[in-house]
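Residue numbers (the working numbering), protein chains in the order written: chain C, 1 to 224; chain L, 1001 to 1224.
Every residue gets a Cβ at the ideal spot worked out from N, C-alpha and C, and that includes glycine.
Owing to the predicted nature of the structure, the values given are computational and were not obtained by experimental measurement.
Set out below in structure tokens:
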């Protein structure tokens, strides 16, 4: 596919790019022709993951520690574990200033009955990011996309929509364009950031569905 | 269509059956051949709505006040406004004892920026119902189905899945069967009642989507 004009010359950094969701997104963005910087706590592991991805899908993929990746990215995707999310973002506020920050983090707990939504004081991971990054534009997206499908090279098209949440139209439009770089995916505007919690938490339901139906479930929005 | 065996001889009561969501569900259940009792605060308005529905789609449709409807139903669907939800259910605990109670209520607030999820002390409307109805089996369902589409006789098939939430397999299976009486709809098990909040709250996102895209949006679960 051709990249949308809005993304020409745009470098995408993925913080937590060595975890399953981050790796999967980095793979799809690199495959679409976007320069990608994989961020990780360890610059060495980031460089290894970048080299593996570049040899697999081609394109310009580099690795850095999370601060280096945050500096290098024009759009910065946050795909780190919920535990540590706030501390990391607080430490990167200056690197992320002036940028679109795409939060994909789902604050979930797990017990023997499965997954459940954790209470987040700010309302949601995305709103926590917004509170910690006053000079960035925070958008929520990619919460409900199966990492398994993103990472699987045999999956040519990912059968799901991505809900894009945010309060700044220019930024949500840009992230909707970013979604379309993943074959099969549509980026659908899903409301303001104050309505991000339920989209994050919905991942717990998809995990229940995956267990019951032995699926890698996703969502499509109908009549859009 | 043929009714599932599990629903043979089953009367469905719809509390709040004169509101848009309740009317829409009552219409579809009656059209599927299920005996329906429309409940309302006013027995007169319930009877009027029942008569109108019976003349429109046929079938056995009667009206009663909410207590009468709760007594008459084998399955009781709760489609009342959030404001008053708790008081009504508390008052009907004995009528609802031993029954499957299907809660469809979305606790939402509205301001000039649109809809947003309200805080619910018990976690969700469904969990509030569970707390107030210790002798009933509470299931959450029908949260995200467009009342406009349910009510429109010209809409032959409703393009959405219904997530069915609950902790008792027999009850969620039954409600999944109830979902399939609406043409086009699948009932998908969506997790335990503790994960009902985000499904209820998700209606705020669908309202945002409807505004942006001028749609009557719904959800489909992929890979199931």
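For residue 1208(L), the chain C residues whose Cβ falls inside 8 Å of its Cβ are 189, 190, 191, 192 and 195, in order along the chain. In this chain, the beta strand (DSSP E) harbouring residue 161(C) covers 161 to 165.
Per the coordinates, the alpha-carbon of residue 206(C) lies some 43 Å from the alpha-carbon of residue 1044(L). In the three-state DSSP reduction, residue 138(C) falls in the strand class (E or B).
Within the model, the alpha-carbon separation for residue 1124(L) versus residue 1114(L) is close to 20 Å.
The count of Cβ pairs closer than 8 Å, one atom from the region 1015 to 1028 of chain L and one from the region 1149 to 1159 of chain L, reaches three, so the stretches are in contact. For residue 70(C), the closest C-alpha among the options 85(C), 110(C) and 94(C) is that of 94(C).
Residue contact with chain C for residue 1142(L): absent (no Cβ-Cβ distance below 8 Å to any residue of chain C).
The three-state reading of DSSP puts residue 75(C) in strand, counting E and B together. Shown here, residue 180(C) sits in coil according to DSSP, grouped into three states, outside any helix or strand.
If you ignore the 5 residues before and after residue 1079(L), its C-beta comes within less than 8 Å of the C-beta of 1014, 1015, 1016, 1017, 1019, 1021, 1022, 1025, 1104, 1105 and 1142, all in its own chain and listed in chain order. When rounded, the separation of the alpha-carbon atoms in residue 179(C) and residue 134(C) is 24 Å.
Looking from the CA of residue 184(C), the closest CA among 68(C), 56(C), 89(C) and 145(C) belongs to 145(C).
Using a 10 angstroms sphere on the CB of residue 1031(L), the tally of other CB atoms reaches 16 or more, which defines it as buried. For residue 115(C), the enclosing beta strand (DSSP E) stretches over residues 114 to 117. Contacts with chain L (Cβ-Cβ distance below 8 Å) from the region 74 to 94 of chain C involve no residue at all. Non-local beta-carbon contacts of residue 168(C) in its own chain, meaning distances under 7 Å to residues more than five positions away in sequence, involve 137 in chain order. The alpha carbon of residue 1194(L) has as its nearest neighbour, out of 1170(L), 1216(L), 1108(L) and 1164(L), the alpha carbon of 1164(L). Taking 8 Å as the threshold, the shortest C-beta distance from residue 157(C) to chain L does not fall below it.
Shown here, residue 51(C) sits in a helix according to DSSP, grouped into three states. Taking the beta carbon of residue 1117(L) as reference, the chain C residues within 8 Å of it are 195, 197 and 198, listed in sequence order. Within 7 Å of the CB of residue 1224(L), the CB atoms of chain C belong to 209, 213, 215 and 217, in sequence order along the chain.
Annotation for residue 1040(L): no alpha helix (DSSP H) segment contains it, though the beta strand (DSSP E) segment containing it runs 1036 to 1040. Using beta-carbon distances, residue 220(C) counts as an interface residue toward chain L, with a partner under 8 Å. The distance from the Cβ of residue 90(C) to that of residue 132(C) is about 5 Å, consistent with a contact at the 8 Å cut-off.
Beta-carbon to beta-carbon, residue 199(C) and residue 109(C) are separated by about 17 Å, too far to satisfy the 8 Å threshold.
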